[in-house]
Amino acid sequence: MTKNILWVEDEKNQYRAFSYKLTPNYQLTRAIDYQSAIDLFDNSDFDMVIVDIILPSGFSQEKLSGLENVTDIYFGIEFIRHIRSFSKDIPIVVVSVVTEKEKVERIQNIDPYIRFISKYDSTSDDVKKLTDNIFNQE
Numbered sequence: 005m006t007k008n009i010l011w012v013e014d015e016k017n018q019y020r021a022f023s024y025k026l027t028p029n030y031q032l033t034r035a036i037d038y039q040s041a042i043d044l045f046d047n048s049d050f051d052m053v054i055v056d057i058i059l060p061s062g063f064s065q066e067k068l069s070g071l072e073n074v075t076d077i078y079f080g081i082e083f084i085r086h087i088r089s090f091s092k093d094i095p096i097v098v099v100s101v102v103t104e105k106e107k108v109e110r111i112q113n114i115d116p117y118i119r120f121i122s123k124y125d126s127t128s129d130d131v132k133k134l135t136d137n138i139f140n141q142e
């Protein structure tokens, strides 16, 4: 059975560059912002989530009032919190340019088993290899 992956990435070229090697073997669904990621995750079944950390909210200004604790553009971290509030088991991979120790620690405080791939130092082959390894461990 084909595994279903939610990939949250707002930059189309980044998504294409990293995802094309997965499409022959996996069903990919793309969300482009925090709001669409929440909507898709809450209304579908995914076997894995790949998420960028720097994401637009997707909310109008009045809807942002419910997210006062989000003081920066790191809506990917908030999405990871959302996922973990519903599921402790779904694998999460962060593919991002964010490598600052403080941000990585924020993510690892949510779940120390989240895997990271740097957009600067990785290729689509790295993403495919990690994804294959995750599903082969199940």
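In my numbering, the protein residues as written are 5 to 142. Glycine residues also receive a C-beta, built at the ideal position from the N, C-alpha and C atoms.
If you draw a straight line from the alpha carbon of residue i to that of residue j, how long is it in whole angstroms?
| i | j | result |
| --- | --- | --- |
| residue 57 | residue 22 | 15 angstroms |
| residue 129 | residue 13 | 18 angstroms |
| residue 8 | residue 50 | 5 angstroms |
| residue 116 | residue 134 | 17 angstroms |
| residue 18 | residue 80 | 15 angstroms |
| residue 89 | residue 46 | 11 angstroms |
| residue 109 | residue 61 | 22 angstroms |
| residue 111 | residue 16 | 24 angstroms |
So residue i and residue j are supposed to be a Cβ contact under 8 angstroms. How far apart are they, rounded?
| i | j | result |
| --- | --- | --- |
| residue 33 | residue 10 | 5 angstroms |
| residue 138 | residue 118 | Not a contact, Cβ separation roughly 11 angstroms. |
| residue 132 | residue 25 | 4 angstroms |
| residue 114 | residue 77 | No, residue 114 and residue 77 are not in contact; Cβ-Cβ is about 17 angstroms, not under 8 angstroms. |
| residue 120 | residue 101 | That pair is no contact at about 11 angstroms. |
Going by the DSSP bridge assignment, what does residue i pair with across the sheet?
| i | result |
| --- | --- |
| residue 35 | 12 |
| residue 52 | 9 |
| residue 78 | 59 |
| residue 120 | 98 |
| residue 30 | 7 |
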